[in-house]
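For the sequence shown, our numbering assigns the number 6 to the initial residue and increments by one for each residue that follows.
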Amino acid sequence: MKQEVLAKRYARALYQTGADAAALEAALERLTAALELPEGRKLLLSPLIPAAEKEATARRLLAEAVPQAAAETALGLWRVLVAHGREALLPEVREMFHQIRLEAAGETPCEVVTARPLPQDEGRKLVAALGRQLGRRLAPRFRVDPAVLGGVRVTVGDRLLDWTIAGGLARLRRSLTADDAQAR
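The structure is reproduced here in structure tokens:
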């Protein structure tokens with residue numbers, strides 16, 4: 006929980022810089038993607054690598070990928086994270102920044118999880134129908150998770166809408182277990 010609070014503070018401060026939010030989000034995504042690679046993780050997260058070298062690596066990653074102003078703002082955040090030993094917090098900061106940016110645009114982030122990739126038109130229709138039902142403009146992120154078996158699971162804020170086979174089986178299991186316990 007503490008990590009989430011810290012990430013949200015950094016993300017809010019970053020958003021309040023007034024820099025181009027889309028370009029800044031692209032810069033954060035670029036740095037986060039580098040952290041997911043073994044070589045990037047070694048260069049950017051290792052306590053054995055000096056802060057100046059970590060900054061130089063981050064600067065090279067952003068040099069041609071994003072506008073200069075966004076790169077400098079993202080590097081400022083990176084320097085603060087490195088100075089406080091919180092480099093590993095960057096993916097959470099990026100996610101919080103994304104949510105803040107969407108909320109500022111009047112959109113609500115949501116995650117749509119299916120067992121197989123959803124055709125684009127079906128995804129749009131589903132999100133539009135949910136948006137109408139909830140009275141919100143939704144900004145979806147689609148994810149595939151074979152564990153859902155079939156159906157769809159949608160998370161909107163703190164609401165979970167579970168229409169999956171796996172979710173139905175879990176509810177049935179709980180119901181049968183509860184009925185069995187009451188019968189005794």
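Note that CB positions come from ideal geometry on N, CA and C, so glycine has one too.
*Assign P145 to one of two classes, buried (16 or more other C-beta atoms within 10 Å of its C-beta) or exposed (fewer than that).*
For the purposes of this step, residue 145 is taken as the residue at position 140 of the sequence shown. Per the 10 Å Cβ criterion, buried.
*asked:* Could you check whether the stretch 29-36 touches the stretch 109-119, counting it as contact only if at least three pairs of C-beta atoms, one from each stretch, sit closer than 8 Å?
replied: Touching, no.
*Pull up the distance between the alpha-carbon of A175 and that of R64, whole angstroms please.*
The residue you call residue 175 lines up with position 170 of the sequence shown. The residue you call residue 64 lines up with position 59 of the sequence shown. Each residue's Cα considered, the two are about 48 Å apart.
*Hey, how far is the Cα of A57 from the Cα of T169?*
If you number the sequence shown from 1, residue 57 lands on position 52. If you number the sequence shown from 1, residue 169 lands on position 164. Near 48 Å, if we compare the C-alpha coordinates of T169 and A57.
*In terms of residue numbering, what span does the beta strand (DSSP E) encompassing P145 cover?*
Mapped onto the sequence shown, residue 145 falls at position 140. Counting along the chain, the beta strand (DSSP E) containing P145 begins and ends at 142-149.
_Between the alpha carbons of G156 and P124, how many angstroms are there, rounded?_
To locate residue 156, count along the sequence shown from 1; it is residue 151. To locate residue 124, count along the sequence shown from 1; it is residue 119. Straight-line Cα distance between these residues: approximately 13 Å.
*asked:* Using a Cβ distance threshold of 8 Å, determine whether the stretch 136-150 contacts the stretch 90-100, with at least three qualifying pairs required.
replied: No, they do not touch.
*Per DSSP, what kind of secondary structure is P96 in: helix, strand or coil?*
For the purposes of this step, residue 96 is taken as the residue at position 91 of the sequence shown. P96 falls in the helix class under three-state DSSP.
_One question on the structure: do A26 and A74 come within less than 7 Å of each other, judged by their Cβ atoms?_
Mapped onto the sequence shown, residue 26 falls at position 21. Mapped onto the sequence shown, residue 74 falls at position 69. In this structure, A74 does not lie closer than 7 Å to A26 by Cβ.
*Which residues does DSSP pair with D25 in a beta bridge?*
Walking along the sequence shown from the start, residue 25 turns up at place 20. None; D25 has no bridge partner.
*Pull up the distance between the alpha-carbon of H89 and that of R148, whole angstroms please.*
Counting from 1 along the sequence shown, the entry for residue 89 is found at position 84. Counting from 1 along the sequence shown, the entry for residue 148 is found at position 143. In a straight line, the C-alpha of H89 is about 33 Å away from that of R148.
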